[in-house]
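Numbering-wise, the sequence shown is residues 1 to 372 according to full-length UniProt numbering.
Every residue, glycine too, gets a C-beta built ideally from N, C-alpha and C.
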Amino acid sequence: MRVVLTGGGTGGHIYPGISIARYIIQKNPGTEILFIGTKKGLEIELVPKAGFKLKTIVVRGFPRGKFSMQLITAFKEVITAIWQARRILLEFSPTVVIGTGGYVCGPVVLCASLMGIPTIIHEQNVIPGITNRILSRFVKKIAVSFDESLKYFPDRRRVIVTGNPLRPEVFQTSRDEGFKVLGLDPEKKLILAFGGSRGARVINQAMIEVIKLNMQNPKIQIILITGNDQYKNVIEALTASGIDIKKCGNIIIKSYFYNMHYALAAADLIISRAGAMTVSEITALGKPAVLIPLKIAANNHQKHNALALKKYGAAEIICEDDLSGYILYNKITSLLGDEERLKRMAENSKKLGKRDSLEKIYAVIKSVTNCI
């Protein structure tokens with residue numbers, strides 16, 4: 001069997017594809033896998049690092065707003081990208097093509113559908129993006145992550161609620177393992193703060209203040225993942241405040257963490273954006289969270305992802321415009337100081353989690369192919 005996976009831009013579209021690819025190979029070892037992405041997205045780094053082949057096409061997302069030259073250019077690129085995708089698909093001859101989101105999967109999945117190749121799309125967010133809404137008219141099956149997403153796809157017969165495909169290591173790592181690898185104290189509370197695969201400036205700025213406020217409280221440990229572009233600024237800001245991170249045994253600051261599962265397993269409270277993969281990992285592990293949705297996210301999807309958790313008492317929400325280091329620190333200390341509340345949030349979070357997503361997605365793949 002030959003499988004094409006396409007999706008990219010951010011880790012939220014790439015990691016699901018990598019997880020699906022690994023699971024397919026686990027179940028069907030002879031499978032050939034090919035990823036199709038762009039040179040501008042994180043896939044150019046993450047896919048080869050995961051051990052898979054990647055071919056690229058040139059395409060960009062459609063600009064929002066009024067008619068413009070940028071819109072004309074983007075449309076021309078989509079037409080060209082369809083022909084680029086066609087050449088790759090003819091050469092590779094896939095059994096199935098799976099789109100995991102991002103504008104790159106538009107021309108690839110559309111081209112595959114027009115060529116008669118079985119196609120599947122996976123929607124990670126509560127509210128589907130424009131690319132998947134368009135592609136849903138052409139594909140054989142639509143996998144969604146939340147029950148709330150069903151109403152956005154009229155033909156329910158083709159829609160299956162699978163949840164988000166998560167890396168197996170997320171479930172296989174214990175809290176003790178996490179603390180051992182991180183070199184932190186399992187007897188103390190641990191906060192994990194991050195802003196998605198590219199980082200988040202507003203979260204980093206708030207966490208700089210949190211770290212300052214927490215300097216006199218060694219009972220709280222902090223891991224901050226800044227994103228590659230903002231790491232230097234965060235370190236410089238703390239240094240300017242007289243804080244030498246190298247001498248702080250209870251604080252870890254990294255630009256990116258490839259072995260994120262250790263930090264997730266160890267964390268008592270997570271501070272993060274509300275991207276689809278993030279909230280899926282949080283709930284699968286049953287972690288309480290303070291979510292700070294990206295206010296400029298397409299379709300405001302992060303807000304809706306966050307509300308899905310808050311509705312069931314699994315998370316607290318702080319809007320970007322309300323965020324400050326002082327407000328965040330008060331929220332953190334309030335939650336960590338209330339063991340019963342933290343426990344209830346963890347239990348509610350776990351009830352929302354879906355741990356069998358890969359099995360369900362594999363069943364969808366089987367339903368559209370005759371090879372497995």
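Contact the segment 242–254 vs the segment 156–176: 3+ CB pairs below 8 Å: Judged by pairs of C-beta atoms under 8 Å, the segment 242–254 does not touch the segment 156–176, as fewer than three such pairs exist.
Just checking my contact of residue 377 with R341 at CB under 8 Å: how many whole Å lie between their CB atoms? In this structure the chain extends from 1 to 372, so residue 377 is not present and cannot be described.
To which residues of the same chain is A193 closer than 6 Å at the C-beta, ignoring the five residues directly before and after it? Stepping through the sequence shown from its first residue, residue 193 is reached at position 193. So the list reads M207, L224 and I271, once near-sequence residues are dropped.
At which residue ranges does the UniProt domain "Glycosyltransferase family 28 N-terminal" (3–143) contain complete beta strand (DSSP E) runs of 3 or more residues, listed in the order of the chain? 32–37, 53–56, 96–99 and 119–123
Beta-carbon proximity list for V364, same chain, < 8 Å, skipping 5 on both sides: Here the question's residue 364 lines up with position 364 in the sequence shown. Taken in chain order, the residues that qualify are I120, K141, A143, I160 and T162.
Give me the Cα-Cα distance between E320 and G275, rounded to the nearest whole angstrom. Numbered from its first residue, the sequence shown carries residue 320 at position 320. Numbered from its first residue, the sequence shown carries residue 275 at position 275. So the alpha carbons of these two residues sit roughly 14 Å apart.
Do G17 and G7 have their C-beta atoms closer together than 8 Å? If you number the sequence shown from 1, residue 17 lands on position 17. If you number the sequence shown from 1, residue 7 lands on position 7. Going by C-beta atoms, G17 is nearer than 8 Å to G7.
Report all residues from its chain with a CB closer than 8 Å to the CB of L42; omit the five preceding and five following residues, and keep chain order. In the sequence shown, residue 42 corresponds to position 42, counting from 1. Answer for L42: G8, G9, T10, G11, I14, S197 and R198, listed in chain order.
When DSSP labels each residue in this structure, what does A206 get in the three-state scheme? Start at 1 with the first residue of the sequence shown, and residue 206 comes out as number 206. A206: helix per DSSP, three-state reduction.
Output the distance between the C-alpha atoms of K49 and Y258, rounded to the nearest integer angstrom. As a first step, residue 49 is located in the sequence shown; it is residue number 49 there, counting from the start. As a first step, residue 258 is located in the sequence shown; it is residue number 258 there, counting from the start. Cα-Cα distance, rounded: 10 Å.
Buried or exposed by the 16-neighbour rule on C-beta atoms within 10 Å, applied to E281: The sequence position of residue 281 within the sequence shown is 281, counting from 1. Looking at its Cβ environment, which holds 16 or more other Cβ atoms inside 10 Å, E281 is buried.
Below 6 Å CB to CB, which residues in the same chain sit around N204 once its five sequence neighbours on both sides are set aside? Working through the sequence shown from its first residue, we reach residue 204 at position 204. Same-chain partners within the cutoff: T226, Q230 and V234.
State the Cα-Cα distance for the pair E123 and N305, rounded to the nearest angstrom. The residue labelled residue 123 in the question sits at position 123 within the sequence shown. The residue labelled residue 305 in the question sits at position 305 within the sequence shown. Going by the C-alpha atoms only, they are around 12 Å apart.
When we look at the beta-carbon of L190 and count the other beta-carbons within 10 Å, is it buried (16 or more) or exposed? Within the sequence shown, the letter at position 190 stands for residue 190. Burial call: buried.
Please classify I36 as buried or exposed, where buried requires at least 16 other C-beta atoms within 10 Å of its C-beta. Numbered from 1 along the sequence shown, position 36 holds the residue referred to as residue 36. By the Cβ neighbour-count rule, I36 is buried, with 16 or more other Cβ atoms within 10 Å of its own.
Which residue marks the beginning of the beta strand (DSSP E) containing F194, and which one marks its end? Here residue 194 is taken as the residue at index 194 of the sequence shown, counted from 1. Element bounds for F194: K189 to F194.
Range of the contiguous alpha helix (DSSP H) that encloses E320: Within the sequence shown, the letter at position 320 stands for residue 320. First-last for E320: undefined, no H or E at that position.
For E347, which option in N330, S324 and A289 has the closest C-alpha, if you only look at C-alpha atoms? To locate residue 347, count along the sequence shown from 1; it is residue 347. Checked all of N330, S324 and A289; the closest Cα to E347 is A289.
Taking the straight line between their C-alpha atoms, what separation do you get for residue 374 and S334? The displayed coordinates of the chain run from 1 to 372. Any statement about residue 374 would go beyond what the structure contains.
Is the CB-CB distance between I88 and K55 below 8 Å? The residue given as residue 88 occupies position 88 in the sequence shown. The residue given as residue 55 occupies position 55 in the sequence shown. Closer than 8 Å, so yes.
Kindly indicate the opening and closing residues of the beta strand (DSSP E) around A200. For this step, residue 200 is matched to residue 200 along the sequence shown. Unbroken run through A200: none, as it is neither H nor E.
Output needed for E359: all residues of its chain with C-beta closer than 6 Å, excluding positions within five of it in sequence on either side, in chain order. Against the sequence shown, residue 359 aligns to sequence position 359. No residues qualify anywhere along the chain.
Please determine, among T38, I44, G101 and Y152, the residue with the shortest C-alpha to C-alpha distance to Q84. Along the sequence shown, one-based indexing puts residue 84 at 84. The candidate whose alpha carbon is nearest that of Q84 is T38.
Taking the alpha-carbon of S93 as reference, which of I33, I253, G313 and I317 has the nearest alpha-carbon? The count along the sequence shown starts at 1 and reaches residue 93 at position 93. The shortest Cα separation from S93 among I33, I253, G313 and I317 belongs to I33.
Alpha helix (DSSP H) containing L184: first to last residue? Start at 1 with the first residue of the sequence shown, and residue 184 comes out as number 184. Segment: none, L184 is in no alpha helix (DSSP H) and carries neither H nor E.
Taking the alpha-carbon of G249 as reference, which of N214, V97, A265 and G325 has the nearest alpha-carbon? To locate residue 249, count along the sequence shown from 1; it is residue 249. Selection N214, V97, A265 and G325 evaluated against G249 yields N214 as nearest (Cα-Cα).
Does the beta-carbon of Q221 have 16 or more other beta-carbons within 10 angstroms, so that it is buried, or is it exposed? If you number the sequence shown from 1, residue 221 lands on position 221. Buried, since its Cβ has 16 or more Cβ neighbours within 10 Å.
Grab the span of the alpha helix (DSSP H) containing I361 for me, first residue to last. Position 361 of the sequence shown, counting from 1, holds the residue named residue 361. I361 -> alpha helix (DSSP H) spans S357 to V368.
As a quick exercise: from L294, I296, I82 and K232, pick the residue whose alpha carbon is nearest that of S255. Here residue 255 is taken as the residue at index 255 of the sequence shown, counted from 1. Answer by Cα proximity: K232.
Is L291 helix, strand or coil when you go by DSSP? Mapped onto the sequence shown, residue 291 falls at position 291. L291 falls in the strand class under three-state DSSP.
Taking its Cβ as the centre, do 16 or more other Cβ atoms sit within 10 Å of G183, making it buried, or is it exposed? Along the sequence shown, read from residue 1 onward, the residue named residue 183 stands at position 183. Exposed, because fewer than 16 other Cβ atoms sit within 10 Å of the Cβ of G183.
My output table needs one value for I252: the three-state DSSP class, helix, strand or coil. In the sequence shown, the residue the question calls residue 252 occupies position 252. In this structure, I252 counts as strand in the three-state DSSP scheme.
Using only CA atoms, which one of A263, G51, L5 and L150 lies nearest to K180? Working through the sequence shown from its first residue, we reach residue 180 at position 180. Here the closest residue by C-alpha is A263.
Under 8 Å between the Cβ atoms of V210 and G325? Here residue 210 refers to the residue found at position 210 when the sequence shown is read from its first residue. Here residue 325 refers to the residue found at position 325 when the sequence shown is read from its first residue. Yes, they are a contact pair.
Would the beta-carbon of L110 fall within 8 Å of that of I130? In the sequence shown, the residue the question calls residue 110 occupies position 110. In the sequence shown, the residue the question calls residue 130 occupies position 130. Not closer than 8 Å, so no.
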